[in-house]
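Visitor: I'd like to ask you about the structure that follows.
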Amino acid sequence: MQHHPTEATLVAYAGGALPEAMGLVVATHLFGCPACRHVKAMAEAVGGSFLNDFPPTAMDDDALALVLARTERPVAPAVPIPRSPGLPPPLDVCTFGPWRRIGLGLRWRPLVTGGSILAGLLEGMPGKVLPAHSHTGMEMTCVIVGSFTDHDGRYRAGDLVEVEGTHQHRPTIDGDGPCLCFIATEGVRFRGLLGFAQRWIID
Ligand SMILES: [Zn+2]
Numbered sequence: 103m104q105h106h107p108t109e110a111t112l113v114a115y116a117g118g119a120l121p122e123a124m125g126l127v128v129a130t131h132l133f134g135c136p137a138c139r140h141v142k143a144m145a146e147a148v149g150g151s152f153l154n155d156f157p158p159t160a161m162d163d164d165a166l167a168l169v170l171a172r173t174e175r176p177v178a179p180a181v182p183i184p185r186s187p188g189l190p191p192p193l194d195v196c197t198f199g200p201w202r203r204i205g206l207g208l209r210w211r212p213l214v215t216g217g218s219i220l221a222g223l224l225e226g227m228p229g230k231v232l233p234a235h236s237h238t239g240m241e242m243t244c245v246i247v248g249s250f251t252d253h254d255g256r257y258r259a260g261d262l263v264e265v266e267g268t269h270q271h272r273p274t275i276d277g278d279g280p281c282l283c284f285i286a287t288e289g290v291r292f293r294g295l296l297g298f299a300q301r302w303i304i305d
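So the sequence shown is residues 103 to 305, counted in this note's numbering.
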């Protein structure tokens with residue numbers, strides 16, 4: 103694993119400031135990256151120490167009663183039921199739609215979420231060159247299986263790629279097997295034929 107989220111992204115994640123789908127990409131990377139889990143833990147500790155500096159705030163008179171009432175509600179199972187077995191945590195408890203072929207050797211499986219960010223699994227066959235595309239916002243990708251390259255480097259299982267703004271790239275699936283990635287993007291614009299297919303991707 104050679105590509106990690108920026109410290110700014112890890113701090114934003116630790117503070118709960120990332121959109122849900124982006125947070126899922128980071129969490130997928132964190133599952134396999136002790137170094138980034140350490141940075142995230144430090145960010146949480148720093149954030150927690152700031153809380154100590156806040157002046158005490160009086161609680162409502164019924165605060166204790168509300169907490170006690172919650173303890174009497176049914177408790178959710180401690181272990182989440184996997185909805186997508188075969189994927190690494192936390193994706194294995196996420197719900198995905200059906201696979202859709204979006205080109206020769208390329209298919210897309212959308213994350214079922216109420217969020218406004220487009221997210222899902224993208225799988226490409228070996229040798230597949232993804233269509234050139236640019237971005238209109240932030241895009242995060244975590245490689246789950248296989249590898250791909252673009253002009254910035256090679257990305258293997260566990261690597262996280264952050265791309266922002268008008269950056270353009272043209273990833274190529276390398277290696278002997280398919281490459282499966284989890285992607286969350288605020289905006290992507292395909293050129294050429296895949297612009298035609300984009301409406302299926304966005305559904
Ligand atoms: Zn990392």
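Glycine included, each C-beta is placed from N, C-alpha and C at the ideal position.
1) Tell whether a beta-carbon distance below 7 Å holds between M242 and M103.
2) Does the Cβ of H105 lie closer than 6 Å to at least one heavy atom of ligand 1?
3) Tell me which residue opens and which closes the alpha helix (DSSP H) that A286 is part of.
4) Between E146, P192 and E264, which has its C-alpha nearest G239's C-alpha?
5) With DSSP run on the structure shown, which of helix, strand or coil describes H271?
6) Put L309 into one of helix, strand or coil per three-state DSSP.
7) Give me whichever residues DSSP pairs with C244 in a beta bridge.
8) Pairs of beta-carbons, one from the region 250-259 and one from the region 213-222, closer than 8 Å: are there three or more?
9) What are the boundary residues of the beta strand (DSSP E) that includes F156?
10) Evaluate V181 with the Cβ neighbour count: other Cβ atoms within 10 Å of its Cβ, from every protein chain shown; 16 or more gives buried, anything less gives exposed.
11) In this structure, how does DSSP classify R172 when only helix, strand and coil are distinguished?
12) Enumerate in chain order the residues of its own chain whose CB-to-CB distance from A129 is below 6 Å, with the five nearest sequence positions on each side excluded.
13) Tell me, which residues are paired with D252 by DSSP?
14) Under 6 Å from any heavy atom of ligand 1, does the C-beta of A114 make it?
15) Skipping 5 residues on each side, what residues in its chain have a beta carbon closer than 6 Å to that of L120?
16) Can you tell which of P176, R172 and I285 has the C-alpha that lies nearest to the C-alpha of V245?
Guide: So, to answer that:
1) Result no, Cβ atoms of M242 and M103 do not sit closer than 7 Å.
2) Relative to the non-hydrogen atoms of ligand 1, the Cβ of H105 never comes closer than 6 Å to any of them.
3) It is not in any alpha helix (DSSP H) - A286 instead sits in the beta strand (DSSP E) that spans C281 to T287.
4) That would be E264, whose Cα lies nearest to the Cα of G239.
5) Three-state result, H271: strand.
6) The structure shown does not extend to residue 309, since the chain is modelled only from 103 through 305, so no value can be given for it.
7) Beta-bridge pairing links C244 to L262 and F284.
8) Pairwise C-beta distances place the region 250-259 out of contact with the region 213-222, as fewer than three of them are shorter than 8 Å.
9) No residue range can be given for F156, since it is assigned to no beta strand (DSSP E) and is classified by DSSP as neither H nor E.
10) Its Cβ having fewer than 16 others within 10 Å, V181 is exposed.
11) Note: R172 maps to helix in three-state DSSP.
12) Cβ-Cβ distances below 6 Å link A129 to P192 in the same chain, with the five nearest sequence neighbours on each side left out; the list follows chain order.
13) DSSP lists G255 as the bridge partner or partners of D252.
14) It does not: the Cβ of A114 is nowhere closer than 6 Å to a heavy atom of ligand 1.
15) The residues are A114.
16) It is I285.
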